[in-house]
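K.L.:
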Amino acid sequence: MVPALPLKGAFSSRRILPKHLKRPPACGEVGSLQPSLTPSPLFGPPILPIAVGILELAVGFLAMATPDAFGPPVYSRAGILPRFAMAFVLGGVFTLLGHALRARRQHRIALALAAAGAVPLIVPGALAMTRSGIWPAPLLGILLGAGAVVDAARPVPAGEGRWQTVPSIAVVAAVTALAHSLLALRWPALLRIPASAWLGGQRLPVAGVMLTAAAALGLGWAVPRVRSATQVAAAAALAAIAVGLVPLGRWLGVVTYGLLAVFLASEPALRAMMAQRIAERATEPTAVTGYELATEAAAWGFVSMIALAGSIETQREARQALAALTLVASVFTIYWFHFRSVRRAELIHTVTGSAAYSVLVAILVALTGGARSPYFFIYALPIVALAWTRSPQTVLVPLTIPLVALITESTLMLRSGQAIEFVLVVTIPRAGGLVLIAGFSYLLARRNLDEQRRARTQHLQLQAVLAHMGEGLMTVDARSIVTLCNGAAQALLGAQDEIVGRSLDDLLPLRRVDGGPLGWSDHPVRRALAGHRVPWERVMATRRDGPLPLAISATPLADGQGGSSAIVLLRDVRAEVEMERMRDDFFFIASHELRTPLTVMKGNLELAQEAAPEGPLRKTIAEALTSVLRLIRIVNDYLDAARLEHGTLTVRLEDGFMTDLVRQAVETIRPDAERKGLRISYREAPDLPAVRMDVERTLQILLNLLGNSVRYTTQGEIQVWHEVHDGMVETLVRDTGAGIPPEHHARLFTRFGQVERGLTRASGGSGLGLYISRKLAEQMGGSVVLKHSAPGQGSTFVLRLAAAR
24 MVPALPLKGA
34 FSSRRILPKH
44 LKRPPACGEV
54 GSLQPSLTPS
64 PLFGPPILPI
74 AVGILELAVG
84 FLAMATPDAF
94 GPPVYSRAGI
104 LPRFAMAFVL
114 GGVFTLLGHA
124 LRARRQHRIA
134 LALAAAGAVP
144 LIVPGALAMT
154 RSGIWPAPLL
164 GILLGAGAVV
174 DAARPVPAGE
184 GRWQTVPSIA
194 VVAAVTALAH
204 SLLALRWPAL
214 LRIPASAWLG
224 GQRLPVAGVM
234 LTAAAALGLG
244 WAVPRVRSAT
254 QVAAAAALAA
264 IAVGLVPLGR
274 WLGVVTYGLL
284 AVFLASEPAL
294 RAMMAQRIAE
304 RATEPTAVTG
314 YELATEAAAW
324 GFVSMIALAG
334 SIETQREARQ
344 ALAALTLVAS
354 VFTIYWFHFR
364 SVRRAELIHT
374 VTGSAAYSVL
384 VAILVALTGG
394 ARSPYFFIYA
404 LPIVALAWTR
414 SPQTVLVPLT
424 IPLVALITES
434 TLMLRSGQAI
444 EFVLVVTIPR
454 AGGLVLIAGF
464 SYLLARRNLD
474 EQRRARTQHL
484 QLQAVLAHMG
494 EGLMTVDARS
504 IVTLCNGAAQ
514 ALLGAQDEIV
524 GRSLDDLLPL
534 RRVDGGPLGW
544 SDHPVRRALA
554 GHRVPWERVM
564 ATRRDGPLPL
574 AISATPLADG
584 QGGSSAIVLL
594 RDVRAEVEME
604 RMRDDFFFIA
614 SHELRTPLTV
624 MKGNLELAQE
634 AAPEGPLRKT
644 IAEALTSVLR
654 LIRIVNDYLD
664 AARLEHGTLT
674 VRLEDGFMTD
684 LVRQAVETIR
694 PDAERKGLRI
704 SYREAPDLPA
714 VRMDVERTLQ
724 ILLNLLGNSV
734 RYTTQGEIQV
744 WHEVHDGMVE
754 TLVRDTGAGI
764 PPEHHARLFT
774 RFGQVERGLT
784 RASGGSGLGL
794 YISRKLAEQM
804 GGSVVLKHSA
814 PGQGSTFVLR
824 LAAAR
């Protein structure tokens, strides 16, 4: 029940929580992701629910303490307020709890509590108007209850327009003033003031005062700069009505109009205090704000228990004392949870809050039977609440107060002549129980302190690691919302504003390296959120200052709540891209210069092979010719890749049939397959439609796919067949080779993207075949994809080309 949660020793934002929790978490800092609760500077948090809660508590207090003080004979004859005393208290508690939830954006529960809290105002107000015929104060109560419900239902802030920022309490005051003036002018009998008094001069002045208040509030709505002054002026008019009702004994009207005037005049100052408290709460971890809310609920439960004790008390003096205790506990709870600034809080305030509630409990116990009170168990709540502080010894404060009260009561009992055995039987079990609870709370506090120190140490270590990482690091939740990032990531994203809490898709739009769109299934972050580990991949990020080549890696991460999240690593690869460009230029120039001598060597070797006799010399020439042909293929691959990169390689599209091309490619590859003991088969499709293609480049793709299958298959067979789906003719090539591990799938279609790497790789090839094949297929409006591959299960590649229309 101690409400000093964000204080030193109880989740203090100064001493316990890391520095980043004093503000919205910045990049590089570990924080609890919460929606920003900082209110609009114009609208701010609504004051009306606080005013309604205090009004209900005040009416409940008066109804408990002096049930005959509400204007006899009408109210005593109606018998309304005494009957609803406890309901008013509970209504105030519900309204204030709903406001506390509302500040944390829990809409549905807050709206339900606000509706429950409005019932004691609306129902008795309606009964009072129908039974007693008095309209002003009941009407105001109905308006206040309805306004609290509206505040709980509408969004915060409601808007930034001139009329959208009008405080709801000002709206209620204006409607009340207009209604009161209308009653005074048109139906004065409903005011229950003798007509002769109105003719004597009260009717028109009252109507004028209320109309003046409504006009002042209207001026404040139209001109926001003078809104505070107009609210003070309107509050003065309402206060004048409250003062005028004092001689008439209309205490309900005095309380209702008086509190409305006070809150209307002080609304700007109270709103600023509440806005500061809500903004401070927004920087606290979710666990702290949740525990604070639970503590406030326990405090209001304590207030309700005091009111219940007062409502069933038969002695007038004790009932009045309990009513006063209810009011004091309510005001203290409202101040402590809604207006006190956490920034200036220290451990002493935490202990002060615990001590204050312990004193209130001591008064309740003393008024309801002392050590034999049925409410003695409430002493344990302030003790247990301090179990979460950083100072375990603070539990002595709420323990000392009830022990002193027990000792004092025991001394008085002994002096009054009570037997010592009776005194010991009453006091020792209760004192022992409190000591046991305090000991248990001390052990909890010690454990909590050790865990906080360990967590802080780990947090500082993590902060140091993140701050000194050269690579950008981010974590995202299942919706791709950034929950953590370091400074390197913010620099790579080129973001000037806060990144945490924003969508990574908006911050980092990704495309393929060649500028093409990145498919949903190819997106590295989405693949990680789906549970797949993504090794380093090259992508192109779109920033405000232009495209940026990045290497990105993503790892799935369980969030501990049954959801999915991911760790994303980013690396700037501009230097690597520049080195690759220089390498490509070198290969392009070298390959271009090598083509002429290689062509000459090929021609000479072919002539020599034709002229050479059978024997060792002819075999040597054949081996040399094979090597030269392989060099020519590699050089052609380098040149094709360079042309594709520079956009100088073009295709000539025409309609043709895949059957003849596939048959030609299969027959070309068959000798190589048979030398390795492999079977190669082609299932022709009789009704295969024509496709749009470049015949030469399509044959090149087919030879690349079949050549790879032969190269990486040691036994078994290679199958080729066709399928037609959604206007695309698919040519599938399946082998029974070693297969490709999933972590290498994404690298297959990159330049030099081979599974076997380094000088020790067993297979030949330039590593450009699949890269060139995909690029050529895309230029023809198709694609080359890996349909299936797994270690020991072979691979299936698919060439897709659009059917001719």
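Residue numbers for the sequence shown follow our numbering, beginning at 24 and rising by one. C-beta atoms are modelled at their ideal positions from N, C-alpha and C, and glycine is treated no differently. Just so you know, these numbers come straight off a predicted model, no measurement behind them.
1) Cutting at 8 angstroms between CB atoms, please list the residues of its own chain near L617, excluding the five before and the five after it.
2) Quick one: residues in its chain with C-beta nearer than 8 angstroms to the C-beta of A645, no 5 flanking neighbours on either side, listed in chain order?
3) Could you give the distance in angstroms between the alpha-carbon of P96 and the alpha-carbon of L268?
4) In whole angstroms, give me the CA-to-CA distance for I703 and G510.
5) Under 8 angstroms between the Cβ atoms of L435 and I443?
6) Please report the straight-line C-alpha distance between R363 and H491, rounded to a whole angstrom.
7) Should Q254 go down as buried or exposed, given a rule of 16 or more other Cβ atoms within 10 Å for buried?
8) Counting only runs that start and end within the region 277-352, where is the alpha helix (DSSP H) found for 4 or more residues in a row?
9) Take the Cβ of L782 as the centre, count every other Cβ of all protein chains shown within 10 Å, and call the residue buried at 16 or more, exposed below.
10) Assuming the contact rule is C-beta atoms closer than 8 angstroms, Q343 and A88 should be a hit. Round their C-beta distance to whole Å, please.
11) Could you compute how far the alpha carbon of A230 sits from the alpha carbon of R525?
12) Counting only runs of 3+ residues fully inside the region 499-570, write out the beta strand (DSSP E) ranges in chain order.
13) So, with DSSP's three-state summary, where would you put P764?
14) Contact defined as beta carbons within less than 8 angstroms: I believe A346 pairs with F84. What is the distance between those atoms, to the nearest angstrom?
15) Helix, strand or coil for H491, going by three-state DSSP, please let me know.
16) Among the residues of its own chain, which have a CB less than 7 angstroms from the CB of V752, if the five just before and after it don't count?
17) Starting from Y705, trace the beta strand (DSSP E) in both directions and tell me its first and last residue.
18) What residues match up with I741 in a beta bridge as DSSP calls it?
19) Comparing alpha-carbon positions, which option in L162, P161, S191 lies nearest G170?
20) For the putative contact between S587 and A518, defined by C-beta atoms under 8 angstroms, what is the C-beta separation to the nearest angstrom?
21) Within the same chain, show all residues whose beta-carbon is closer than 6 angstroms to that of A696, passing over the 5 residues directly before and after it, in chain order.
22) Could you give the distance in angstroms between the alpha-carbon of G626 and the alpha-carbon of H748?
23) Can you list, in chain order, the residues of its chain with a C-beta nearer than 7 angstroms to that of A551? Leave out the 5 residues immediately preceding and following it.
24) Any chance the region 372-380 sits against the region 404-424, with 3 or more Cβ pairs inside 8 angstroms?
25) One question on the structure: do L283 and L261 come within less than 8 angstroms of each other, judged by their Cβ atoms?
26) Tell me which same chain residues have a C-beta within less than 6 angstroms of the C-beta of V384, skipping the five on either side of it?
27) Using 8 angstroms as the threshold, is the C-beta distance between L404 and I329 below it?
28) Are L541 and S464 touching if we call contact CB-CB under 8 angstroms?
29) Per the DSSP calculation, A677 is bridged to which residue(s)?
30) What first and last residue would you give for the beta strand (DSSP E) that runs through S806?
31) Let me make sure I understand the geometry here. Which of V277, E603, V285, V488 has the alpha-carbon closest to that of S251?
32) If you draw a straight line from the alpha carbon of L516 to that of R534, how long is it in whole angstroms?
33) Look at the alpha carbon of L489 and the alpha carbon of Q475, and state the distance between them as a whole number of angstroms.
34) Measuring only the C-alpha atoms, how far is A200 from F111?
35) Between the alpha carbons of G281 and L240, how many angstroms are there, rounded?
36) Per the DSSP calculation, H748 is bridged to which residue(s)?
P.N.:
Answer, in terms of the structure:
1) Counted from its first residue, the sequence shown places residue 617 at position 594. Same-chain partners within the cutoff: L654, V658.
2) For the purposes of this step, residue 645 is taken as residue 622 along the sequence shown, with counting starting at 1. So the qualifying residues of the chain are Q632.
3) Here residue 96 is taken as the residue at index 73 of the sequence shown, counted from 1. Here residue 268 is taken as the residue at index 245 of the sequence shown, counted from 1. Confidence at P96 is low in this model, with a pLDDT of 39, below 50, so its placement is unreliable and no value can be given for it.
4) As a working note, residue 703 is residue 680 in the sequence shown. As a working note, residue 510 is residue 487 in the sequence shown. Answer to the nearest angstrom: the Cα atoms are 56 angstroms apart.
5) Residue numbering aside, residue 435 sits at position 412 when the sequence shown is read from its first letter. Residue numbering aside, residue 443 sits at position 420 when the sequence shown is read from its first letter. Contact flag unset, no.
6) As a first step, residue 363 must be located in the sequence shown, where it is residue number 340. As a first step, residue 491 must be located in the sequence shown, where it is residue number 468. C-alpha separation (whole angstroms): 39 angstroms.
7) One-based indexing of the sequence shown puts residue 254 at position 231. Looking at its Cβ environment, which holds 16 or more other Cβ atoms inside 10 Å, Q254 is buried.
8) 309-335
9) Locating residue 782 in the sequence shown gives position 759, where the first residue counts as 1. Residue placement at L782 is flagged as unreliable, the pLDDT there being 36, under the threshold of 50; the coordinate-derived value follows with that caveat. L782 comes out exposed.
10) Stepping through the sequence shown from its first residue, residue 343 is reached at position 320. Stepping through the sequence shown from its first residue, residue 88 is reached at position 65. Going by Cβ atoms, the distance from Q343 to A88 rounds to 4 angstroms, so yes, they are a contact pair.
11) By 1-based counting over the sequence shown, the position of residue 230 is 207. By 1-based counting over the sequence shown, the position of residue 525 is 502. Near 54 angstroms, if we compare the C-alpha coordinates of R525 and A230.
12) 505-508, 557-566
13) In the sequence shown, residue 764 corresponds to position 741, counting from 1. In this structure, P764 counts as coil in the three-state DSSP scheme.
14) In the sequence shown, residue 346 corresponds to position 323, counting from 1. In the sequence shown, residue 84 corresponds to position 61, counting from 1. About 5 angstroms; that satisfies the 8 angstroms criterion.
15) Counting from 1 along the sequence shown, the entry for residue 491 is found at position 468. Residue state, collapsed to three classes: coil.
16) As a first step, residue 752 must be located in the sequence shown, where it is residue number 729. Only M681, L711, P712, V714, H745, L824, A826 meet the Cβ criterion.
17) As a working note, residue 705 is residue 682 in the sequence shown. Run containing Y705: 702-706, per the beta strand (DSSP E) assignment.
18) For the purposes of this step, residue 741 is taken as the residue at position 718 of the sequence shown. Note: I741 sits in a beta bridge opposite I703, D758.
19) Working through the sequence shown from its first residue, we reach residue 170 at position 147. Closest by alpha carbon: S191.
20) On the sequence shown, residue 587 is found 564 positions in, with the first residue counted as 1. On the sequence shown, residue 518 is found 495 positions in, with the first residue counted as 1. Not confirmed; about 24 angstroms, so no contact.
21) Along the sequence shown, read from residue 1 onward, the residue named residue 696 stands at position 673. Here the set comprises I703, V733.
22) In the sequence shown, counting from the first residue as 1, residue 626 sits at position 603. In the sequence shown, counting from the first residue as 1, residue 748 sits at position 725. If I take the Cα positions, the gap works out to 45 angstroms.
23) Residue mapping note: residue 551 aligns to position 528 of the sequence shown, counting from 1. V557, A577, T578, P579, A589, listed in sequence order.
24) Segments in contact, yes.
25) For the purposes of this step, residue 283 is taken as residue 260 along the sequence shown, with counting starting at 1. For the purposes of this step, residue 261 is taken as residue 238 along the sequence shown, with counting starting at 1. The answer is yes: Cβ separation under 8 angstroms.
26) The sequence position of residue 384 within the sequence shown is 361, counting from 1. Around V384: I401, Y402.
27) For the purposes of this step, residue 404 is taken as the residue at position 381 of the sequence shown. For the purposes of this step, residue 329 is taken as the residue at position 306 of the sequence shown. For L404 and I329, no; Cβs fall outside 8 angstroms.
28) The count along the sequence shown starts at 1 and reaches residue 541 at position 518. The count along the sequence shown starts at 1 and reaches residue 464 at position 441. Their beta carbons are not under 8 angstroms apart, which means L541 does not touch S464 by this criterion.
29) If you number the sequence shown from 1, residue 677 lands on position 654. Residue 677 is actually Glu in this sequence, not Ala. M716, per the DSSP bridge assignment.
30) As a working mapping, residue 806 is identified with position 783 in the sequence shown. Element bounds for S806: 806-812.
31) Counting from one through the sequence shown, the residue named residue 251 turns up at place 228. Comparing Cα-Cα distances from S251 to each of V277, E603, V285, V488, the minimum goes to V285.
32) Translated into positions along the sequence shown, residue 516 becomes position 493. Translated into positions along the sequence shown, residue 534 becomes position 511. Approximately 14 angstroms between the Cα atoms of the pair.
33) Looking up residue 489 in the sequence shown gives position 466. Looking up residue 475 in the sequence shown gives position 452. Cα to Cα, L489 sits roughly 21 angstroms from Q475.
34) Mapped onto the sequence shown, residue 200 falls at position 177. Mapped onto the sequence shown, residue 111 falls at position 88. In a straight line, the C-alpha of A200 is about 24 angstroms away from that of F111.
35) Residue mapping note: residue 281 aligns to position 258 of the sequence shown, counting from 1. Residue mapping note: residue 240 aligns to position 217 of the sequence shown, counting from 1. Going from the Cα of G281 to the Cα of L240 covers about 17 angstroms.
36) As a working mapping, residue 748 is identified with position 725 in the sequence shown. According to DSSP, H748 bridges with M751.
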